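*Asks:* Here the protein sequences come in this chain order: A and B. For what it's worth, our numbering labels the leading residue of the first sequence as 291, then goes sequentially. For what it's worth, our numbering labels the leading residue of the second sequence as 5, then goes sequentially. Cβ coordinates follow ideal geometry from the N, Cα and C atoms, glycine included. These figures come from a predicted structure and were not determined experimentally. Okay, here's the structure, questions in a sec.
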Amino acid sequence: MESTQLVAKRRETINKGSTRALRRSGRIPAILYGDGVLRAVSIDAKEWAHSFQYASGNKVIGLKLDNDEYKVLVKDTQRDILSGGVMHIDFYAIRAGKKLSTVVPIHLEGTPKGIIEGGILEQKIEEIEVVCLPEDIPDFFAIDVSQLEVGDSLHVSDIPTPREVEIRTDVHLTVVVITHAKAVEEPVSEIEEEVVEEIAIGDGSEEGAE
Amino acid sequence: MLSPKRTKYRKTHRGRAIPNAKRAQRGNEVSFGDYGLISMENMQISARQIEAARVAMTRHIKRGGKVWIRIFPNIPYTKKPAETRMGKGKGSPEKWLAAVKPGTVMFEIAGVDVNLAERAVELAGSKLPVKTKFVVRHHAGWD
Numbered sequence: 291m292e293s294t295q296l297v298a299k300r301r302e303t304i305n306k307g308s309t310r311a312l313r314r315s316g317r318i319p320a321i322l323y324g325d326g327v328l329r330a331v332s333i334d335a336k337e338w339a340h341s342f343q344y345a346s347g348n349k350v351i352g353l354k355l356d357n358d359e360y361k362v363l364v365k366d367t368q369r370d371i372l373s374g375g376v377m378h379i380d381f382y383a384i385r386a387g388k389k390l391s392t393v394v395p396i397h398l399e400g401t402p403k404g405i406i407e408g409g410i411l412e413q414k415i416e417e418i419e420v421v422c423l424p425e426d427i428p429d430f431f432a433i434d435v436s437q438l439e440v441g442d443s444l445h446v447s448d449i450p451t452p453r454e455v456e457i458r459t460d461v462h463l464t465v466v467v468i469t470h471a472k473a474v475e476e477p478v479s480e481i482e483e484e485v486v487e488e489i490a491i492g493d494g495s496e497e498g499a500e
Numbered sequence: 005m006l007s008p009k010r011t012k013y014r015k016t017h018r019g020r021a022i023p024n025a026k027r028a029q030r031g032n033e034v035s036f037g038d039y040g041l042i043s044m045e046n047m048q049i050s051a052r053q054i055e056a057a058r059v060a061m062t063r064h065i066k067r068g069g070k071v072w073i074r075i076f077p078n079i080p081y082t083k084k085p086a087e088t089r090m091g092k093g094k095g096s097p098e099k100w101l102a103a104v105k106p107g108t109v110m111f112e113i114a115g116v117d118v119n120l121a122e123r124a125v126e127l128a129g130s131k132l133p134v135k136t137k138f139v140v141r142h143h144a145g146w147d
């Protein structure tokens, strides 16, 4: 697992106003916890967007804080759902030699036969929860989907995993399925029909009232 | 059109779409397809508007794609008949509404390319009473 560096600053005041001021100044408020540490910190928004924007929960980051360096995982990222901006980040400090629980993304490899025949690939699960030592965390689980035909599916149990990694997600869950594409049915929409009916009824009632 | 199969009460308080309401806390991620249409406003959308949007979208993508409708109209909207005097009780159910908040994913599409999906979603958005935004699903672990 490759490790990358990120510089954090300690936050002195922790309230709504100071947090908003921090965001306006181009920094992201964050918290660092785990392994006996609990610190309110902040990181540079540009640095985060450049290198870590899509970092998944299994990427080990070296977080520099004052004179210390912590090995951390991104446990949670709060985003503004309309603008997409990052509001807050949770960093989880890990200790070498101590087992931890994290999520590992699934990468699909190849183009399924079913898609060439007109099917649609649906990925039901993006990440799998695992328990392992920090040094054994895989970058991703690769699944070959090139042999899948329409109607075929793969489950968590079909994912090849190393011996030192324990899967916590239900092994019966479907990861990927190739479904049929739906043909477009209606030549005349239901709405148009109903509007026509309503106009006819409306005309009749008005005549009756007169 | 979408409507509940059965309800506990025919008429209920239907609430209001308050401006500047809190953002959607659930149903705010593209979970099934590859692309989605999110609402930027808080509003109540009728079953007829949802159906019009669906038709616009499916007609544009023609064949090969799959569409998911993520909202369901479960709020009854009542109306008194025209030229009726006040009183004599509440009006009869007229239509069904779905409540959406800013960030609610209303429709999802899969199995089509991004340009076709964006145009289909734009057409669907034009049938709705809210400002909308096209979003693309980000698959975990890909930069």
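Examine chain B for any beta-carbon lying closer than 8 Å to the beta-carbon of Lys408 of chain A, and answer yes or no.
*Replies:* In the first sequence, residue 408 of chain A corresponds to position 118, counting from 1. The amino acid occupying residue 408 of chain A in the given sequence is Gly; Lys does not appear at that position. Yes, Gly408 of chain A lies at the interface with chain B (some Cβ there is under 8 Å from its Cβ).
*Asks:* Would you mind reading off the limits of the beta strand (DSSP E) that contains Met61 of chain B?
*Replies:* Against the second sequence, residue 61 of chain B aligns to sequence position 57. Careful: Met61 of chain B lies outside any beta strand (DSSP E), inside the alpha helix (DSSP H) at Ala51 to Ile65.
*Asks:* Looking at the C-beta of Tyr372 of chain A, does it have a partner C-beta in chain B at a distance below 8 Å?
*Replies:* One-based indexing of the first sequence puts residue 372 of chain A at position 82. One detail in the question is off: residue 372 of chain A reads as Leu in this sequence, not Tyr. Answer yes: the Cβ-Cβ gap between Leu372 of chain A and chain B drops below 8 Å somewhere.
*Asks:* Taking the alpha-carbon positions, what's the Val376 of chain A to Gly347 of chain A distance?
*Replies:* Taking the first sequence and counting its residues from 1, the one referred to as residue 376 of chain A is at position 86. Taking the first sequence and counting its residues from 1, the one referred to as residue 347 of chain A is at position 57. C-alpha separation (whole angstroms): 15 Å.
*Asks:* Can you pull the chain A neighbours of Arg14 of chain B, defined as C-beta to C-beta under 8 Å?
*Replies:* Here residue 14 of chain B corresponds to residue number 10 of the second sequence, with the count starting at 1. Within chain A, no residue comes near Arg14 of chain B; the closest Cβ sits about 21 Å away, beyond 8 Å.
*Asks:* For the candidate residues A:Ser332, A:Leu296 and A:Glu359, whose alpha-carbon lies nearest to that of Ser341 of chain A?
*Replies:* By 1-based counting over the first sequence, the position of residue 341 of chain A is 51. It is A:Leu296.
*Asks:* What are the start and end residues of the beta strand (DSSP E) that includes Arg369 of chain A?
*Replies:* Within the first sequence, the letter at position 79 stands for residue 369 of chain A. Note, Arg369 of chain A: beta strand (DSSP E), Asp358 to Arg369.
*Asks:* So Asn32 of chain B contacts chain A; which residues on that side make the cut at Cβ distance below 9 Å?
*Replies:* Against the second sequence, residue 32 of chain B aligns to sequence position 28. Ile371, listed in chain order.
*Asks:* Which of the three DSSP states is assigned to Ser308 of chain A in this structure?
*Replies:* By 1-based counting over the first sequence, the position of residue 308 of chain A is 18. Of the three classes helix, strand and coil, the one that applies to Ser308 of chain A here is helix, per DSSP.
*Asks:* I'd like the span of the beta strand (DSSP E) that includes Arg329 of chain A, first residue to last.
*Replies:* The residue you call residue 329 of chain A lines up with position 39 of the first sequence. Where Arg329 of chain A is concerned, the enclosing beta strand (DSSP E) stretches over Val327 to Asp334.
*Asks:* Would you identify the three-state DSSP class for Asp442 of chain A, choosing helix, strand or coil?
*Replies:* Translated into positions along the first sequence, residue 442 of chain A becomes position 152. Coil.
*Asks:* Please check if any C-beta of chain B sits within less than 8 Å of the C-beta of Ala335 of chain A.
*Replies:* Translated into positions along the first sequence, residue 335 of chain A becomes position 45. So, not an interface residue.
*Asks:* Is the CB-CB distance between Ile113 of chain B and Ile65 of chain B below 8 Å?
*Replies:* Numbered from 1 along the second sequence, position 109 holds the residue referred to as residue 113 of chain B. Numbered from 1 along the second sequence, position 61 holds the residue referred to as residue 65 of chain B. A contact, by the Cβ cut-off of 8 Å.
*Asks:* Under 7 Å Cβ-Cβ, which residues of chain A neighbour Gly115 of chain B?
*Replies:* As a position in the second sequence, residue 115 of chain B is number 111, starting the count at 1. Simply Ile410 and Ala471.
*Asks:* Please return the same chain residues whose Cβ sits closer than 6 Å to the Cβ of Asp429 of chain A, not counting the five positions on each side in sequence.
*Replies:* For the purposes of this step, residue 429 of chain A is taken as residue 139 along the first sequence, with counting starting at 1. If we look at Asp429 of chain A and ignore the five residues flanking it on each side, it has no Cβ neighbours.
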